[in-house]
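Residue 208 in numbering that gives the first Met the number 0 sits at position 209 of the sequence shown, and the numbers go up by one each step.
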Amino acid sequence: MIEDKVYAARSILVVGAHAFDAEVIAGPLAAAAAKNGAQVTFLHLSMGEQGHPCLIPEHYSAQKEDEAAKAAARLGVSMRNMKLRDAFLPNDNATALQVCDVIRGVQPEIVITHWHGSWHKDHRAAAQLTQTGIFFSALPTLKRAHPAHTPQLLLFGENWEDDEGFRPEHLVDVSAGFDAWQEAVMEYELARGLSSFPYVDYYSALYRLRGCLRGTRHAQAFAAASHSWNAGSGLFAPPADRSRET
């Protein structure tokens with residue numbers, strides 16, 4: 000069961016296109032996993048600095064970095080900021096190598112990112128950068144600062160902007176992390192009325208809806224990578240030593 004794998008993981012990496020994205024696609028899960036002893040890392044590819052109606056991007060970037068740090072503390076996770084330009088996330092090998100370096104450094108067993116079916120170009124780029132970063136991370140002949148690493152599982156979180164073709168294949172009980180999530184997202188001005196979209200209402204209701212289907216108070220939905228992706232996740236790793244099993 001996916002839920003068992005998630006909560007057995009010692010390290011989880013969540014990759015979001017902008018600060019606030021990681022919090023909504025996996026924030027309650029992250030808080031619950033951290034409470035369970037996992038090391039959870041949020042990688043914000045950009046701050047989302049273009050999204051304020053009044054502040055110039057430089058000022059809003061600084062504000063969102065402060066908000067993201069406070070939100071991470073509420074969730075009990077660590078945070079990294081790649082500082083790429085909002086609205087112009089490059090989907091190229093050079094940027095995927097930066098993601099690869101984070102994956103190798105963090106050594107996550109579980110990676111969570113955006114679903115690729117999105118009208119938002121940065122979200123599509125984040126999904127592809129994460130998958131390419133995992134591919135690069137697994138290559139033993141690719142020499143970087145850290146050794147090769149292959150995560151066990153890649154999941155795609157649910158986001159209102161990423162709904163094209165998204166299927167809620169796995170429901171994970173996140174009841175233990177919901178209260179911390181509510182406190183965390185309220186650190187962002189975006190959750191306190193900056194946008195006309197009611198983020199907190201939407202996601203609170205969504206997690207409750209998924210919880211009704213899961214049979215818990217709150218749950219989050221995830222899509223999984225293809226069977227061929229997961230079957231080939233260890234393709235570049237050395238063969239297992241079966242002699243120890245006898």
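In this text, a Cβ means the ideal position worked out from N, Cα and C, and glycines have one as well.
Bridge-paired residues (DSSP) for residue i
| i | result |
| --- | --- |
| Thr40 | Leu12, Ser77 |
| His113 | Gly156 |
| Ser45 | His17, Leu83 |
| His169 | Phe221 |
Rounded straight-line distance, which links the Cα of residue j to that of residue i
| i | j | result |
| --- | --- | --- |
| Tyr206 | Ala16 | 21 Å |
| Asp161 | His113 | 7 Å |
| Arg213 | Val173 | 10 Å |
| Ala190 | Pro197 | 7 Å |
| Ala70 | Leu141 | 35 Å |
| Pro146 | His226 | 26 Å |
| Asn35 | Ile11 | 12 Å |
| Ser195 | Phe19 | 16 Å |
| Gly176 | Pro27 | 4 Å |
| Glu2 | Asp100 | 27 Å |
| Gly116 | Gln49 | 22 Å |
With 16 other Cβ atoms within 10 Å as the buried cut-off, status of residue i
| i | result |
| --- | --- |
| Cys53 | exposed |
| Ser60 | buried |
| Trp180 | buried |
| Pro89 | exposed |
| Arg73 | buried |
| Ala124 | buried |
Where the alpha helix (DSSP H) containing residue i begins and where it ends
| i | result |
| --- | --- |
| Ile1 | 1-7 |
| Ala248 | Since the displayed the chain opens at 0 and closes at 245, residue 248 lies outside it and no answer follows. |
| Gly104 | 92-105 |
Inset, instruction - Please list the segments of the alpha helix (DSSP H) lying wholly inside the segment 171-234, counting only runs of 4 or more residues, in order along the chain. - result: The segment 171-234 contains these whole alpha helix (DSSP H) runs: 177-184, 198-213, 226-230.
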